[in-house]
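Asker: Position one of the sequence shown corresponds to residue 246 (our numbering), numbered consecutively onward. Where is the CB? At the ideal position from N, CA and C, for every residue including glycine. Fair warning: this is a prediction, and the values are worked out from it, not measured in the lab.
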Amino acid sequence: MRKLVPLKSIYAFVAVAESGSMTEAAQLLSVSHSAISQAIKSLESQVNKPLFDRIGRHVYLNTE
Numbered sequence: 246m247r248k249l250v251p252l253k254s255i256y257a258f259v260a261v262a263e264s265g266s267m268t269e270a271a272q273l274l275s276v277s278h279s280a281i282s283q284a285i286k287s288l289e290s291q292v293n294k295p296l297f298d299r300i301g302r303h304v305y306l307n308t309e
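1) Since residue 306 is in the beta strand (DSSP E), which residue starts that stretch and which ends it?
2) I'd like the list of long-range same chain contacts for residue 277, defined as Cβ closer than 8 Å, with 5 residues on each side in sequence excluded.
3) Please determine, among 281, 267, 265 and 297, the residue with the shortest C-alpha to C-alpha distance to residue 252.
4) Here's the rule I'm using: 16 or more other beta-carbon atoms within 10 Å means buried, otherwise exposed. How should residue 304 be labelled?
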């Protein structure tokens, strides 16, 4: 049985995708950078694919 994706992970994904930055996403959601990073890592683990391309401090949606 598949695990449901936590809503906080979806919020983190949308915030990072819109801002292009985990730091900005953390500020928008009033959580720590670490919380955003962990949420994205968990989401990527669940879908078994990288969701973002990380280049320096910026992140871009993966085109796959």
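Answerer: With the given structure in hand:
1) Numbered from 1 along the sequence shown, position 61 holds the residue referred to as residue 306. It spans 303 to 306 - the beta strand (DSSP E) in which residue 306 sits, taken as one unbroken run.
2) As a working note, residue 277 is residue 32 in the sequence shown. Counting only Cβ-Cβ distances below 8 Å, and skipping sequence neighbours, we find 271.
3) Here the question's residue 252 lines up with position 7 in the sequence shown. For residue 252, the nearest C-alpha among the options comes from 281.
4) Position 59 of the sequence shown, counting from 1, holds the residue named residue 304. Residue 304 is buried by the Cβ-count criterion.
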